[in-house]
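Below you'll find the structure, written out as structure tokens, and then a few comments.
Protein chains: 2
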Amino acid sequence: MREDTVQLVVVGSIGLDDIATPAGRRTNVLGGSATYACAAAAFFTRPGLVGAAGCDFPRRHWTFYRRLGVDLSGLQVLELPTFRWAGEYAEDMNQRKTLRTELNALGAFRPSLPAPYRKAPFLFLGNLQPAIQHEVLDQMHAPRFVAVDTMDLWIRTARHEVEAIWGRADLVTLNDAEARLYSGETDLVRALRRILRCGPRYVVIKKGEHGALWASRRGIGLLPAFPVERTVDPTGAGDAFAGGLMGALAKLGRTDEPAFRYGLEQGAVAASFCVEAFGPSRLGRLTPGELARRWRLFCRMGKPSSERSWR
Amino acid sequence: MREDTVQLVVVGSIGLDDIATPAGRRTNVLGGSATYACAAAAFFTRPGLVGAAGCDFPRRHWTFYRRLGVDLSGLQVLELPTFRWAGEYAEDMNQRKTLRTELNALGAFRPSLPAPYRKAPFLFLGNLQPAIQHEVLDQMHAPRFVAVDTMDLWIRTARHEVEAIWGRADLVTLNDAEARLYSGETDLVRALRRILRCGPRYVVIKKGEHGALWASRRGIGLLPAFPVERTVDPTGAGDAFAGGLMGALAKLGRTDEPAFRYGLEQGAVAASFCVEAFGPSRLGRLTPGELARRWRLFCRMGKPSSERSWR
Chain A
1 MREDTVQLVV VGSIGLDDIA TPAGRRTNVL GGSATYACAA AAFFTRPGLV
51 GAAGCDFPRR HWTFYRRLGV DLSGLQVLEL PTFRWAGEYA EDMNQRKTLR
101 TELNALGAFR PSLPAPYRKA PFLFLGNLQP AIQHEVLDQM HAPRFVAVDT
151 MDLWIRTARH EVEAIWGRAD LVTLNDAEAR LYSGETDLVR ALRRILRCGP
201 RYVVIKKGEH GALWASRRGI GLLPAFPVER TVDPTGAGDA FAGGLMGALA
251 KLGRTDEPAF RYGLEQGAVA ASFCVEAFGP SRLGRLTPGE LARRWRLFCR
301 MGKPSSERSW R
Chain B
1001 MREDTVQLVV VGSIGLDDIA TPAGRRTNVL GGSATYACAA AAFFTRPGLV
1051 GAAGCDFPRR HWTFYRRLGV DLSGLQVLEL PTFRWAGEYA EDMNQRKTLR
1101 TELNALGAFR PSLPAPYRKA PFLFLGNLQP AIQHEVLDQM HAPRFVAVDT
1151 MDLWIRTARH EVEAIWGRAD LVTLNDAEAR LYSGETDLVR ALRRILRCGP
1201 RYVVIKKGEH GALWASRRGI GLLPAFPVER TVDPTGAGDA FAGGLMGALA
1251 KLGRTDEPAF RYGLEQGAVA ASFCVEAFGP SRLGRLTPGE LARRWRLFCR
1301 MGKPSSERSW R
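Protein chains in written order, with my numbering: chain A, 1 to 311; chain B, 1001 to 1311.
Below you can see the structure in the form of structure tokens.
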């Protein structure tokens, strides 16, 4: 494998966000699922970003991606404004209200993968219309590991297409509210089982500051979140989590359960940095050393007692 | 240490609850913080229950405690009705509404510890007026490890007394809403630090189905919750958690951090059984083998990847 070959393709939104949290407000913040996923994945591998920006997209953001080592050959710049989202977080940051969504370039986005991306072994399909996710998958040549994210809107309006894309995926990620919405189950263990039945090998339910619950056919796994000192902006944390996970798997070239657990930890740590500042800016100035140190601390914090000690 | 010496004293409420959850409703259910804490602790040690029941307290409940091996020599039966609580849980079981509280015997309760209890090394002070908690502590002869629980009402109305009791405790337990209320901090890491400053050696913030965050002066620890298949009634889970933890420490006769982590796991597992049925009934028919099996499973589910594997 050559260093510059893209092993992980990330398809998703690119946007400009207006964000209000209890810690402050910012406008025109670089955002979108592909942005956060790539920013986290770039610590492990050279991700290839597939997405659409508008003609108003500020040039400094291209520099942001390039400095992180994101490959931009799959990027489209359309003759439309960039996708815009405005949202506001409640005091405890677990609830957010969307104030405005303007699809713009995202509404016209028809992903077309550069030829070298089509042979990539790892693919992350960020939250997009399931029909578009299917179109991307159709362009890939037998990817080894496909992760799919979704949102409540598609579960409500395109349930069968969502189930079909889950059936083609190795990993399904979604948040707890979406898992409950899809399954009609309050208990997440049952929700996990319902989603596994659609065919993926792994399911991860993201619970924000409460971590994640995951399952494979062999059983259930628990992942706490790294406890951050001060949450400034939770936007994109779920995508940074998925991006860190997929980046770590792509780097290892493994998809077995121990590797998956390791990837989940790296994703959780990437997400914990992500929320420390507005937008992806904290990920932009993060060093590999900081990431590695927090990962080691995270593992110590969550380490169960050893069974042998108590016999 | 003789088998029948009480190593752990549990002081708290004894009540009769009317409970409505999405899974159903039950009336006159045995409840109270001392009940749940003793029911969990009894798997590890012979707890001594200190509390007050009323003259209407059904005899079969004494049998429930005795069958579990709870020592009842500190129990008072007052010429008043038993404490009653009625509550209702929302669909996701994380929110509950108190419909009715009748203090009755609990309002007149003045704990008086039997002489042998006063030398016990472990003490759990369940949620009671802080003035009463102080009275109990005053009766003890240099206990080795004191845990104190509280509630929002005392934080609001008797903040200084709460802080004073925390200063006399080795372990403070409270839930996330209470920790935020006390500290004025949204981020729980900061709340933990604020509470540690009052003097306890350990602080545990209970987050219900999301597990717990804990801290000592050496740092922060993460504990997920065991994911239960079907939550029927969350009442008492926090007390079962604290009771399991204290019982495990009393059994080990240790209070160091590895023992504490082990105790937290046992508490989490006891709490996970507790919520599987109304009231403490699931704990009443739990076997030590079931508890041990789930604890091993829980440790496997939460085990971080080993650092050495990824070098």
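Glycine is no exception: its CB is placed at the ideal position from the N, C-alpha and C atoms. None of these values were measured; they are calculated from a predicted model.
In three-state DSSP terms, what is residue i?
i, result
"A/L211", "According to the sequence displayed, residue 211 of chain A carries Gly and not Leu. Coil, per DSSP."
"A/F278", "coil"
"B/T1098", "strand"
"B/K1303", "coil"
"B/L1283", "helix"
"A/R26", "strand"
"B/V1010", "strand"
"B/T1035", "helix"
"A/D233", "coil"
"B/D1056", "coil"
"B/G1219", "strand"
"A/R2", "Unreliable placement is indicated for A/R2, whose pLDDT of 45 sits below 50; the coordinate value is still reported in the next sentence. Three-state DSSP puts A/R2 in coil, outside helix and strand."
"A/A191", "helix"
"B/G1267", "helix"
"B/G1126", "coil"
"B/D1017", "strand"
"B/P1047", "strand"
"B/T1063", "helix"
"A/A120", "coil"
"A/R296", "helix"
"B/A1105", "helix"
"B/V1146", "strand"
"B/D1239", "helix"
"A/G74", "strand"
"A/P288", "helix"
"A/H134", "helix"
"B/R1180", "helix"
"B/H1141", "coil"
"A/T157", "helix"
"B/P1200", "coil"
Taking C-beta to C-beta, are residue i and residue j nearer than 9 Å?
i, j, result
"B/T1098", "B/A1053", "no"
"A/V146", "A/R110", "no"
"A/G236", "A/T5", "no"
"A/L188", "A/D170", "no"
"B/E1209", "B/P1234", "yes"
"B/M1301", "A/L174", "no"
"B/Y1089", "B/T1021", "yes"
"A/D152", "A/L181", "yes"
"A/G267", "A/F241", "yes"
"B/A1225", "B/I1205", "no"
"B/F1043", "B/P1288", "yes"
"A/V162", "A/L125", "no"
"B/P1047", "B/G1253", "no"
"A/G12", "A/V50", "yes"
"B/G1074", "B/L1113", "yes"
"B/F1122", "B/R1144", "yes"
"B/G1238", "B/L1249", "no"
"A/P304", "B/K1303", "yes"
"B/A1158", "B/A1179", "no"
"A/L134", "A/R118", "Looking at the sequence shown, residue 134 of chain A is not Leu but His. Contact flag unset, no."
Can you check DSSP and say which residues form a bridge with residue i?
i, result
"A/W166", "Answer is none; A/W166 lacks a bridge partner."
"B/L1174", "B/I1205"
"A/R84", "A/L16 and A/E102"
"A/Y89", "A/R96"
Taking 9 Å as the threshold (beta carbon to beta carbon), is residue i in contact with chain E?
i, result
"B/K1207", "No chain E appears in this structure, whose protein chains are A and B."
Q: Name, going along the chain, the residues of the segment 1067-1097 of chain B whose beta-carbon falls closer than 7 Å to a beta-carbon of chain A.
A: Listed in sequence order: E1091, D1092 and M1093.
(Q) Taking 8 Å as the cut-off, does the segment 265-274 of chain A touch the segment 59-68 of chain A (at least 3 CB pairs, one atom from each stretch)? (A) Flag = no, the segment 59-68 of chain A and the segment 265-274 of chain A do not touch.
Q) Okay, do the segment 215-223 of chain A and the segment 14-26 of chain A touch, 3+ Cβ pairs below 8 Å being the bar? A) Output reads no: the segment 14-26 of chain A does not touch the segment 215-223 of chain A.
Q.
Please list, in chain order, the residues of the segment 186-203 of chain A that have any C-beta partner in chain B closer than 8 Å.
A. Cβ contacts with chain B: T186, D187, L188, V189 and R190.
Q. Do the segment 108-125 of chain A and the segment 191-208 of chain A meet, that is, are 3 or more Cβ pairs less than 8 Å apart?
A. Look at the beta carbons and you see the segment 108-125 of chain A not touching the segment 191-208 of chain A: under three pairs across the two are nearer than 8 Å.
(Q) Under 8 Å, with one C-beta from each stretch per pair, do the segment 279-290 of chain A and the segment 22-40 of chain A reach the 3-pair mark? (A) As far as the Cβ criterion goes, the segment 279-290 of chain A touches the segment 22-40 of chain A, which means the pair count is three or higher.
Q) For the segment 250-273 of chain A, which residues have a CB atom closer than 7 Å to at least one CB atom of chain B, in sequence order? A) From the segment 250-273 of chain A, only P258, R261, Y262 and E265 have a Cβ closer than 7 Å to chain B.
Q.
If the cut-off is 7 Å on Cβ atoms, which residues from the segment 225-254 of chain A count as contacting chain B, listed in chain order?
A. Taking 7 Å as the Cβ-Cβ cut-off against chain B, the residues of the segment 225-254 of chain A that qualify are P227, V228, E229, R230 and T231.
(Q) Which residues of the segment 1289-1307 of chain B have a Cβ closer than 9 Å to any Cβ of chain A? Give them in chain order. (A) Against chain A - using a Cβ distance shorter than 9 Å - the residues of the segment 1289-1307 of chain B are W1295, R1296, L1297, F1298, C1299, R1300, M1301, G1302, K1303, P1304, S1305, S1306 and E1307.
Q: Select from the segment 12-38 of chain A all residues with a C-beta closer than 7 Å to any C-beta belonging to chain B, and list them in chain order.
A: With the criterion set as a beta carbon lying under 7 Å from some beta carbon of chain B, the members of the segment 12-38 of chain A are P22, in sequence order.
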